[in-house]
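A.B. asks:
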Amino acid sequence: TSTASLAHNAEANSMLMPIPVATAKLACVTTAKTYVPSTIVRVGQLRKPTRMFRPCYQARVSPCFAFLRRLQQAWDSMRLPRKSTQPVKTQSTTASGDTWLIVGLGNPGATYEGTRHNIGFEVVEALAEAEGMVVRQNEQKALVAKGRINGVTVILAKPQTFMNRSGDSVSRLMRFYKIPLERLLVVYDDLDIAVAQLRLKGKGGHGGHNGMRSIIDQCGGSNKFARLRIGVGRPTGLTPVAAHVLTTFGEEDREKMDVAKADALDIIRAVLSVGLDRAMSAANSKGKT
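If you count the sequence shown from 1, position 63 lands on 63 in the working numbering, and the numbers rise without skipping.
#1: Based on Cα-Cα distance, which residue from 186, 210, 211 and 213 lies nearest to residue 201?
#2: Could you work out which residue in 194, 191 and 219 is closest to residue 203 when comparing CA atoms only?
#3: Are the beta-carbon atoms of residue 273 and residue 215 separated by less than 7 Å?
#4: Alpha carbon to alpha carbon, how far is residue 239 from residue 152?
#5: Assign residue 138 to one of two classes, buried (16 or more other C-beta atoms within 10 Å of its C-beta) or exposed (fewer than that).
#6: If we call anything under 7 Å between Cβ atoms a contact, is residue 205 one with residue 223?
#7: Could you tell me the distance, in whole angstroms, from the CA atom of residue 118 to the CA atom of residue 189?
#8: Where do the ends of the alpha helix (DSSP H) carrying residue 131 lie?
#9: Take the Cβ of residue 109 as the centre, count every other Cβ of all protein chains shown within 10 Å, and call the residue buried at 16 or more, exposed below.
#10: On the three-state DSSP scale, how would you describe residue 190?
#11: Quick one: what does DSSP say residue 230 is sitting in, helix, strand or coil?
#12: On the criterion of 16 or more Cβ atoms from any shown chain inside 10 Å, does residue 198 qualify as buried, or is it exposed?
#13: Let me check one thing: in DSSP terms, what residues is residue 145 bridge-paired to?
#14: Suppose the cutoff is 6 Å on Cβ atoms and the five residues either side in sequence are ignored; what does the same chain contact list for residue 281 look like?
#15: Distance, Cα to Cα, residue 73 vs residue 175?
#16: Which whole-angstrom value describes the C-beta separation of residue 135 and residue 144, a residue pair presumed to lie in contact below a C-beta threshold of 8 Å?
#17: Just verifying my parser: in three-state terms, what is the DSSP assignment at residue 201?
#18: Can you give me the C-alpha to C-alpha distance between residue 263 and residue 237, rounded to a whole angstrom?
#19: My output table needs one value for residue 239: the three-state DSSP class, helix, strand or coil.
#20: Hey, would you say residue 225 sits closer than 7 Å to residue 181, going by beta carbons?
#21: If you reduce the DSSP assignment to three classes, tell me which class residue 113 lands in.
#22: Answer with buried or exposed for residue 283, where buried requires no fewer than 16 other C-beta atoms within 10 angstroms of its C-beta.
#23: In chain order, what residues of the same chain have a beta carbon less than 7 Å from the beta carbon of residue 276, not counting five sequence neighbours either side?
#24: Taking the straight line between their C-alpha atoms, what separation do you get for residue 242 and residue 194?
#25: Which of the three DSSP states is assigned to residue 250 in this structure?
#26: Kindly indicate which three-state DSSP category residue 138 falls into: helix, strand or coil?
#27: Taking the alpha helix (DSSP H) that residue 215 falls in, what are its first and last residues?
#28: Measure from the alpha carbon of residue 113 to the alpha carbon of each residue in 229, 271, 246 and 267, then state which is nearest.
#29: Between residue 157 and residue 173, is the Cβ-Cβ spacing less than 7 Å?
#30: Among all the DSSP beta bridges, which residues are the ones paired with residue 102?
#31: Look at the alpha carbon of residue 230 and the alpha carbon of residue 132, and state the distance between them as a whole number of angstroms.
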């Protein structure tokens, strides 16, 4: 064997030996494509190249098979696992079968606190305080509180969408917690009822109340849900209705409303414990209609 032949065989054997640890930036240029895996990699045992590097054979860019084996191993070490196309399963927050959604209507912000239009907010806040809950968790465009009243799971809500878009928040809450219409109770102000008088009904129209109009619209036009109406009286003189509902109560009316709020809490508890029909009969028997 000639000296030149021995040198050639030694060079070939060294190229076929696997590299135990190496660091490199790799590039494979072909006539049609360019592969530039630029991440620094650690190369271990090598294996036969896959179809990805066949353009290198065709263009005769690689000097030898061993080089391609090392290049393939480096590429394999850089590849990340494929992301799953399956949707991630998350635990949805769903209410139990007897959960009630109790909504008080009003306008958010300090400007509207204590106004006639916000009596629904006041009732829900009073109920939460009496039952040891705090209405502050922000969900589905509303401030909510969750707990149990008379053994029944309840979600108390104050929509933060302003009165005329109350239905946007209420419908979202109903879908999120899977609350059917028959377990929705809305508390709101009513111009057509004398100050501090209460009326509990199982269904009905919006009566010109924009908050109720929005809820009915967002519930597919159905009005078959409970509502507790609290009288705030009509304006006197030439005061527009829109301005009247944004006024605060006088001292005498405020005292009446404080009593009405306490009665409203009893009515809501009755709805939860004995059902809507019996609660309506009890409220009507006390003359709160």
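Just so you know, even glycine gets a beta-carbon here, dropped at the ideal spot from N, CA and C.
Please read these numbers as outputs of a predicted model, since none were measured by experiment.
C.D. replies: Answer, in terms of the structure:
#1: Checked all of 186, 210, 211 and 213; the closest Cα to residue 201 is 186.
#2: Comparing Cα positions, the closest option is 219.
#3: No, Cβ-Cβ distance for residue 273 and residue 215 is not below 7 Å.
#4: One C-alpha to the other measures close to 43 Å.
#5: Flag for residue 138 reads exposed.
#6: Yes, they are a contact pair.
#7: Straight through space, the alpha carbons of residue 189 and residue 118 are spaced by roughly 7 Å.
#8: In the DSSP assignment, residue 131 falls outside any alpha helix (DSSP H), carrying neither H nor E.
#9: Exposed is the call here.
#10: Residue 190: strand per DSSP, three-state reduction.
#11: Judged by DSSP in its simplified three-state form, residue 230 adopts strand.
#12: Residue 198 is buried by the Cβ-count criterion.
#13: Looking at the DSSP output, residue 145 sits in a beta bridge with 156.
#14: Closer than 6 Å at Cβ, skipping near neighbours: no residue.
#15: Between residue 73 and residue 175, the C-alpha separation is close to 52 Å.
#16: About 7 Å; that satisfies the 8 Å criterion.
#17: Residue state for residue 201 is assigned as strand, using DSSP reduced to three classes.
#18: Roughly 30 Å separates the two Cα atoms.
#19: Note: residue 239 maps to coil in three-state DSSP.
#20: For residue 225 and residue 181, yes; Cβs fall inside 7 Å.
#21: Coil.
#22: With 16 or more other Cβ atoms within 10 Å, it is buried.
#23: Counting only residues of its own chain and dropping the five nearest sequence neighbours on each side, residue 276 has a CB closer than 7 Å to the CB of 202 and 226.
#24: Taking the straight line from one Cα to the other gives about 17 Å.
#25: Coil, per DSSP.
#26: In the structure shown, residue 138 sits in a strand (DSSP, three-state: E or B).
#27: For residue 215, the enclosing alpha helix (DSSP H) has its first and last residue at 210-218.
#28: The candidate whose alpha carbon is nearest that of residue 113 is 246.
#29: Cβ distance < 7 Å, so residue 157 and residue 173 count as in contact.
#30: Beta-bridge annotation (DSSP): residue 102 is paired with 156 and 185.
#31: Residue 230 and residue 132 have their C-alpha atoms spaced approximately 24 Å apart.
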